[in-house]
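So the structure is just underneath, and the comments pick up after that.
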Amino acid sequence: MYHPKMNEFNKRMKVMFDEVDDYLEDSYGEKLRIHPNRPERGTTSNKAHDGVFNVGPQFTPGYGSEYGRGYVVDLQISTISKLDDEQRRRIEDDLQRILNEKIPVHFPERELEVKRDLRGLKIVGNFNLGAM
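Residue numbering for the sequence shown follows UniProt numbering, beginning at 1 and increasing consecutively.
This is the structure in structure tokens:
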């Protein structure tokens with residue numbers, strides 16, 4: 001069980017990542033062939049479970065990271081299309097840009113941003129929930 005402030009933070013994060021998932025599906029979903037074991041977009045009750053993309057945050061304490069603790073952006077692309085490193089990097093760059101646009105909308109009271117860290121993207125900044 002989480003503190004109510006943590007629950008609220010997680011809900012807002014889910015809404016933001018659902019919007020990002022929609023953006024990725026709209027931008028790239030028709031260019032990539034969905035894996036046959038993956039349900040088509042919009043056929044489940046959770047965007048994380050269908051379509052070509054599944055994108056979401058995973059908290060990390062940040063050991064070994066230049067930026068410390070934060071949320072690693074977990075991007076899974078369920079496709080049987082050949083996706084080379086350059087194409088994946090283009091998608092990740094677009095993902096970083098759209099997240100940096102959406103974070104101030106969903107978390108205007110926080111100073112958060114998406115950075116490249118180690119082998120991927122990470123949301124870093126002020127995650128303080130205030131007095132518990």
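Backbone N, C-alpha and C fix where the C-beta goes; we use that ideal spot for every residue, glycine too.
Consult DSSP for Tyr71 and reduce its assignment to one of helix, strand or coil. Along the sequence shown, one-based indexing puts residue 71 at 71. DSSP places Tyr71 in strand when its eight states are reduced to three.
Alpha carbon of Gly51 to alpha carbon of Gly125, nearest angstrom: For the purposes of this step, residue 51 is taken as the residue at position 51 of the sequence shown. For the purposes of this step, residue 125 is taken as the residue at position 125 of the sequence shown. Computed Cα separation, rounded: 30 Å.
Closest by CA to Lys82, which one among Val105, Phe127, Ile34 and His3? Indexing the sequence shown from 1 puts residue 82 at position 82. Closest option to Lys82, Cα to Cα, is Ile34.
What's the C-alpha gap between Gln76 and His106? As a working mapping, residue 76 is identified with position 76 in the sequence shown. As a working mapping, residue 106 is identified with position 106 in the sequence shown. Roughly 23 Å between the two C-alpha positions.
Cα-Cα, which of Leu24, Arg88 and Leu121 is closest to Gly70? The residue given as residue 70 occupies position 70 in the sequence shown. Of Leu24, Arg88 and Leu121, the residue nearest in Cα terms is Leu121.
Can you tell me the Cα-Cα spacing of Val55 and Lys5, whole angstroms? Taking the sequence shown and counting its residues from 1, one reaches residue 55 at position 55. Taking the sequence shown and counting its residues from 1, one reaches residue 5 at position 5. Distance between the alpha carbons of Val55 and Lys5 is about 23 Å.
Based on Cα-Cα distance, which residue from Glu19, Asp22, Gly62 and Ala131 lies nearest to Arg116? The residue labelled residue 116 in the question sits at position 116 within the sequence shown. Arg116 has its Cα closest to that of Gly62, out of Glu19, Asp22, Gly62 and Ala131.
Opposite Arg116 in the DSSP bridges: which residues? Reading the sequence shown from its first residue, position 116 is the one you call residue 116. DSSP, once it has assigned bridges, lists Leu121 as partnering Arg116.
Given that a residue counts as buried once 16 or more other Cβ atoms are within 10 Å of its Cβ, and exposed if not, what is Val20? To locate residue 20, count along the sequence shown from 1; it is residue 20. Per the 10 Å Cβ criterion, buried.
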